[in-house]
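Just so you know, the working numbering puts 1431 at position 278 of the first sequence, and the rest follows in order with no gaps. Note that the Cβ used here is the ideal one computed from N, Cα and C, for glycine as well.
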Amino acid sequence: MIQTLPGFRDFYPADCAARNYVFARWREVARRYGFAEYDGPILESVELYRKKSGGELVGQLFEFTDRGEREVALRPELTPTLARMIAARDREFKKPLKWFSIGSFFRQERQQKGRLREFYQLNCDLIGDGSPAADAEMIALAIDLMRACGLTKDDFFVRVNDRNVWLQFLAARGIAAERAPEFLQIIDKIERERPEVTAAKLAPFGIEPAELERFMAQPVAKLGGALVAVEADLRARALTDYVTFDPRIVRGLAYYTGVVFEVFDRARKSRALAGGGRYDDLIGLLSDGAVKHPTFGFAVGDVTLLDLLRALPHTAARLDAATKAASAPDVYVVITDEAFRPQALGLVSLLREAGRRVDFPLTAQKVSRQFQTAEALGAAHAAVVGNEWPQVKLKTLVTREETLVPAADLPLLANVTGRGADAAGPGPA
RNA sequence: GUGGCCAUAGCUCAAUGGUAGAGUCCCAGAUUGUGAUUCUGGUUGUUGCGGGUUCGAGUCCCGUUGGUCACCCCA
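If you want it as structure tokens, here you go:
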């Protein structure tokens, strides 16, 4: 049997339902924040990704030459596509723009916990506003995305920093701005690296580890940058329980220019659940200077998030319920006597026309088996069609209550649905 | 890209180098108009794939594919 390619997944119905549950929460919250959905092509010219820093990213592309001799690649991220779209039709859109997208992305690297070769991401970008208010709006959005999946402040938290904090730190010590990227790499790795290695890397900068520790231990007011304003904003939204200001968060990439953040699970069992930050120069860079907009963007991945939702009992229960409800019929039509199959089919059609989810046995089956099937499918009701026709026995499977109703009335009964408010899914925690 | 561990029925797992098994699931019946439990019977495998050692390999060796975890990297 041919297996799936490494790092790629089959989505069986239960997996698809779980994925759709997360996507539905993402869409719902993004729209609540006034974001509009967009998308781009999955296949792009390799050139689009070479423009941006290159290096590791280009090395991990799924790339090939198409029949038109074009060098193409499956998209590893969305930002370059977004930048092109903005640059191409910039004047059409009133700023600031709030755009989001949900789609799959591809990176050819060894898979490990929380990281596959094909994965889904929600990308949210706020384009054309460089204020701390925009930073805070995006962080608040990230928090609400997590909360909508049932996660609480005991399950996750957001670590926030402003890269400018470090630029000021370096400037105050007379260190040239050109050396900032190298320095930020050291900070980025500080949690994973042995202290003596970090100390050795800091030596060329003339910075003692103790000095660094003292600096990072300062309160937000002393750290400076946009952090004070961001904190005040989040406080007004009553979100500070979710946020930790932490200078160690700088994000690996070179293009971030201001506030950055990462979302982690409290137990710290997994890699970041989401991450992003301000990149005020990138759209200009990618559009060859044609368009310049201060922008704040972040992404949430499906792999790590679903791992966490499945690992925590209270979110796993929600996910499970949503997964079951996704395909559960409102009514399972039980046919006790094949002589009434035509009537049963008529009833099935009427119920479906009324918008109900309806299933029934395609071939003759024992009644006990039909009820088992109804149960297994998670049906809310069974409608028993037999010699009481033109009446049917409507049974609520959970309570086992039965009532005799005229078949013609069945599609009109508003309560013949097991889903209730499911269409919108569970609300925020 | 580097390294560790793993791969046996649909699923979870057994099997001193010596006849491939159990539980579960599924199917049928006990029960010809009602879901649970119980009981009875039944289906299910090129032991991931390819070589090698051996009288004999699920088991030992080599390779390979996939899974998993860590490193690298993290858009």
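The beta carbon of A1240 is closer than 6 angstroms to those of S1440, A1443, V1444 in its chain, skipping five residues each way along the sequence. The count of Cβ pairs closer than 8 angstroms, one atom from the segment 1287-1294 and one from the segment 1378-1396, reaches three, so the stretches are in contact. Contact between the segment 1477-1495 and the segment 1516-1531 is present, with at least three C-beta pairs closer than 8 angstroms. With contacts defined as CB atoms closer than 8 angstroms, T1232 and G1428 fail to qualify as a contacting pair. DSSP places D1315 within a strand segment (E or B) once states are collapsed to three.
With respect to G1377, Q1321 sits close: the two C-beta atoms are nearer than 8 angstroms. Following the DSSP letters along the chain, one finds F1253 in no alpha helix (DSSP H) but inside the beta strand (DSSP E) bounded by residues 1250-1259. Every unbroken stretch of the alpha helix (DSSP H) spanning 4 or more residues and falling wholly within the segment 1445-1494 is given here in chain order: 1455-1464, 1466-1480.
Under a 10 Å Cβ-count criterion, K1548 is classified as buried, with 16 or more other Cβ atoms of the shown protein chains found around its own Cβ. The way I'd put it, the segment 1450-1464 does touch the segment 1421-1435; three or more beta-carbon pairs between them come closer than 8 angstroms. Counting C-beta pairs closer than 8 angstroms gives fewer than three between the segment 1402-1410 and the segment 1374-1391, which falls short of the contact rule. Going by DSSP, V1538 is part of no alpha helix (DSSP H) but of the beta strand (DSSP E) stretching over 1534-1538. Rounded to the nearest whole angstrom, the C-alpha separation of F1259 and L1565 is 48 angstroms.
If you keep only unbroken alpha helix (DSSP H) runs of at least 4 residues inside the segment 1362-1445, you get 1362-1369, 1373-1376, 1380-1389, 1435-1439. For A1236, the closest C-alpha among the options A1226, W1252, L1275 is that of W1252.
Here V1551 is exposed. Its C-beta has fewer than 16 other C-beta atoms within 10 Å.
Taking the Cα positions, L1472 is about 15 angstroms away from L1298. In the three-state scheme derived from DSSP, where H, G and I count as helix and E and B as strand, R1244 is classed as helix.
Here Q1264 carries a coil assignment [DSSP, helix/strand/coil].
Of Q1544, A1183, F1272, the smallest CA-CA separation from G1454 is found for F1272. Under the three-state reduction of DSSP output, A1356 falls in the helix class.
In this structure, the alpha-carbon of I1296 lies about 55 angstroms from that of F1493.
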